[in-house]
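Enquirer: Before I ask anything, let me first share the structure, which is written out below as structure tokens.
This is the structure in structure tokens:
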């Protein structure tokens with residue numbers, strides 16, 4: 001599973017099906033993302049205070065969604 005060259009690595013779905021992870025593998029509880037995660041936000045040139053505000057807003061959004069489903 002651990003390969004230095006990222007092009008030769010197995011993906012998350014294949015890793016979860018690997019015998020090493022068999023005790024933790026539950027296909028009925030392992031959703032697959034519709035698209036790849038966009039990491040471009042890490043390139044934003046923001047101040048520490050701006051990052052704090054964005055993270056705080058993300059937490060508020062998460063809790064408001066969680067409350068709507070609970």
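Numbering (full-length UniProt numbering), first residue to last: 1 to 70.
Glycine included, each C-beta is placed from N, C-alpha and C at the ideal position.
List the endpoints of the continuous alpha helix (DSSP H) containing residue 12.
Expert: Unbroken alpha helix (DSSP H) run through residue 12: 12-16.
Enquirer: Skipping 5 residues on each side, what residues in its chain have a beta carbon closer than 7 Å to that of residue 16?
Expert: Here the set comprises 25 and 30.
Enquirer: Rounded to whole angstroms, what's the CA-CA distance from residue 2 to residue 54? Just pull it up for me.
Expert: Distance between the alpha carbons of residue 2 and residue 54 is about 34 Å.
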